[in-house]
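In the numbering used here, the protein residues as written are 636 to 1288.
Glycine is no exception: its CB is placed at the ideal position from the N, C-alpha and C atoms.
These numbers were taken from a predicted model, which means no experiment stands behind them.
Only one structure is covered here, and it is reproduced in the block below.
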């Protein structure tokens, strides 16, 4: 997803969080010293030259101005020279009490740390820049620093802290600075997506689009359209995601104006179509996106592309190509230190190869990231606490407050550890309960199937008994009678008797055919679940005024399904029909089972009064349906209006 981040002197610049980022601020005004430009023009890039300049310029203000400009110059060219000149700039600006230059120096340092993913150091430097800007009543730049702090927190997954900083930034930023306000709403949307608050994420992305539209910035509009599509993809609403992607791709000359964003949209377009079951053009669009990303050396995009390609190849049964793409993505993620894609590649490789080494590496890396994130969030809290206390008590911390800070941080860490282990324990219990529920459901279904088989076996035995009785008893007696009559006819030619003999022979033939048919009737002992479903429909028809109509497509083979899927299908159908009977006020309900690609689809459609599908009541029944579907990575799509309700359940098989 695309995030926003501001640097001191650039208009727009690539950022390192996932794909790209918008940077918005103008460069410092040039100092009107002729000698300053002379120094800058003749300067040779080396630490010795910096030291020579520092010692030979007597005018402190001139020296500070030159150091500040050199620091900014080296920020984008030479990290060693940048750190050297930046330290000198901060020291001299502190000595001269030049807070604006000091604030800018900390801003540069914070950007350097952000660029290199030192999030705790970046946050601390942004906070120091914020303090200096706020001390000179520069609320606009204070707001920008607060925004950058919020983004640093979001990158460290400190979502609550980032949300708080984002709202503080909104209060400081003037409404006229729309690009910065856009960045705040964009960051809030990313925060809520990280917190799995789907609706809030969409709301804030749409606010960002409204602001981008006011600005007239097509790049920002496309960025937010893509971000919304990503939220829908991550939550399984692929058709909705495609609406926003197509809208973004229609922006004129997008490919030439922003090739990286264009590649991202192509990748998301192909993936959303693939997840909908349309694989026809996946390789064409996905490989084109990968080609573009290779050509512009967009490392994060390449990793994402290859992981999705692997998912496609695995779906097509090509595990060789799937592994090749995952291993390539894993190698690049390790080089780039991109833990997100490294974890994703390791997990998918383990599932394909069943190699425990991948699982061990995944667990080790994931545990390390959790520890690192916890440490960073603790540092954020410590920085905020220490700095606020520092300001409130006029920069004089007593020994008591120092110990209080340490105790608070220790307690926070302890509570975090306790919370983590408690949460893990709860998750374990939930998993155990789910397993018990699964076992119970399987037992119930097996009992139902056993009962169905017993009924069928009893029916077969009864048919066989009747057949034997017909053949061995009645048929034998008829045969004997016919033979006796035949003997009498030979003694006394009687046409009426002959007719009776022929009639007996015909009856005998009919009984023999009936006997054979009773024995040879084919019973499929494996169609238990289908019979249970039909019986369920019949029960609802018998005890309701609603006409329930069932259709099962020929390609649906229930016997090939896992027992856990059979159980869920049965209970999903049962709960759905209960909802129709209780709430719909319908006169008819149509139930259909179909198979599309590798998915089983169940459609339940009624002609009732409908309901608001966007804000459904969170009853136990609906939650249970969603829970069962989620267990199989399926989906539940609801369409409802005044003419009725249609629910489509899709389960991968």
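Proximity below 8 Å, CB of residue i to CB of residue j
{"i": "residue 819", "j": "residue 810", "result": "no"}
{"i": "residue 983", "j": "residue 961", "result": "yes"}
{"i": "residue 728", "j": "residue 737", "result": "yes"}
{"i": "residue 857", "j": "residue 837", "result": "no"}
{"i": "residue 1298", "j": "residue 794", "result": "In the structure displayed, the chain extends from 636 to 1288; residue 1298 sits before or after that span and is not available."}
{"i": "residue 1016", "j": "residue 1044", "result": "yes"}
{"i": "residue 1238", "j": "residue 1205", "result": "no"}
{"i": "residue 1287", "j": "residue 1262", "result": "no"}
{"i": "residue 745", "j": "residue 764", "result": "yes"}
{"i": "residue 1270", "j": "residue 871", "result": "yes"}
{"i": "residue 903", "j": "residue 861", "result": "yes"}
{"i": "residue 876", "j": "residue 907", "result": "yes"}
{"i": "residue 739", "j": "residue 703", "result": "yes"}
{"i": "residue 942", "j": "residue 979", "result": "yes"}
{"i": "residue 721", "j": "residue 743", "result": "yes"}
{"i": "residue 927", "j": "residue 945", "result": "no"}
{"i": "residue 981", "j": "residue 965", "result": "yes"}
{"i": "residue 1220", "j": "residue 1243", "result": "yes"}
{"i": "residue 803", "j": "residue 780", "result": "no"}
{"i": "residue 1215", "j": "residue 1241", "result": "yes"}
{"i": "residue 912", "j": "residue 1232", "result": "yes"}
{"i": "residue 866", "j": "residue 833", "result": "yes"}
{"i": "residue 910", "j": "residue 947", "result": "no"}
{"i": "residue 821", "j": "residue 859", "result": "yes"}
{"i": "residue 931", "j": "residue 895", "result": "yes"}
{"i": "residue 1018", "j": "residue 758", "result": "yes"}
Of the residues the options, the one placed nearest residue i, counting alpha carbons only
{"i": "residue 725", "options": "705, 974, 932, 792", "result": "705"}
{"i": "residue 734", "options": "1271, 769, 1068", "result": "769"}
{"i": "residue 879", "options": "997, 841, 924", "result": "841"}
{"i": "residue 967", "options": "993, 939, 944", "result": "939"}
{"i": "residue 958", "options": "993, 924, 929, 925", "result": "993"}
{"i": "residue 1116", "options": "1142, 1220, 1095", "result": "1142"}
{"i": "residue 774", "options": "785, 745, 808, 756", "result": "808"}
{"i": "residue 1281", "options": "953, 1167, 1236, 1259", "result": "1236"}
{"i": "residue 1260", "options": "1284, 1019, 1085, 1247", "result": "1284"}
{"i": "residue 1185", "options": "1223, 1195, 1214, 1213", "result": "1223"}
{"i": "residue 1075", "options": "1199, 1038, 978", "result": "1199"}
{"i": "residue 835", "options": "854, 846, 851, 798", "result": "798"}
{"i": "residue 761", "options": "1242, 1003, 777", "result": "777"}
{"i": "residue 1183", "options": "1171, 1275, 1092", "result": "1171"}
{"i": "residue 751", "options": "779, 710, 719", "result": "710"}
{"i": "residue 1118", "options": "1097, 1101, 1140", "result": "1140"}
{"i": "residue 1037", "options": "1020, 1226, 828", "result": "1020"}
{"i": "residue 771", "options": "1055, 732, 853", "result": "732"}
{"i": "residue 1082", "options": "1167, 1059, 792, 932", "result": "1167"}
Residues that residue i bridges to, as DSSP identifies them
{"i": "residue 1223", "result": "1182"}
{"i": "residue 1054", "result": "Its beta-bridge partners do not exist; DSSP assigns none."}
{"i": "residue 848", "result": "Answer by DSSP bridge pairing: none, since residue 848 is not bridged."}
{"i": "residue 809", "result": "None, per the DSSP bridge assignment."}
{"i": "residue 1187", "result": "1228"}
{"i": "residue 1280", "result": "1241, 1275"}
{"i": "residue 1286", "result": "1235"}
Enclosing beta strand (DSSP E) for residue i [first to last residue]
{"i": "residue 736", "result": "Taken as a continuous stretch (DSSP letters only), residue 736 belongs to no beta strand (DSSP E), being part of the alpha helix (DSSP H) at 734 to 750."}
{"i": "residue 1236", "result": "1234 to 1241"}
{"i": "residue 728", "result": "Segment 714 to 731 is the alpha helix (DSSP H) holding residue 728; no beta strand (DSSP E) there."}
{"i": "residue 1276", "result": "1270 to 1276"}
Enclosing alpha helix (DSSP H) for residue i [first to last residue]
{"i": "residue 778", "result": "774 to 790"}
{"i": "residue 1177", "result": "1163 to 1177"}
{"i": "residue 1196", "result": "No alpha helix (DSSP H) holds residue 1196; DSSP gives it neither H nor E."}
{"i": "residue 869", "result": "853 to 869"}
{"i": "residue 881", "result": "873 to 884"}
{"i": "residue 918", "result": "917 to 930"}
{"i": "residue 987", "result": "974 to 988"}
{"i": "residue 1215", "result": "Neither: residue 1215 is in no alpha helix (DSSP H) and is coded neither H nor E."}
{"i": "residue 942", "result": "934 to 950"}
{"i": "residue 887", "result": "Element bounds for residue 887: n/a, residue is neither H nor E."}
Heavy atom of the ligand NAD within 7 Å of residue i beta-carbon
{"i": "residue 823", "result": "The ligand content of the structure shown is nil, which means the ligand NAD is not present either."}
- Item | Given 8 Å, three or more beta-carbon pairs between the region 911 to 921 and the region 886 to 900 | no
- Do the region 961 to 974 and the region 701 to 715 make contact, defined as three or more Cβ pairs closer than 8 Å? no
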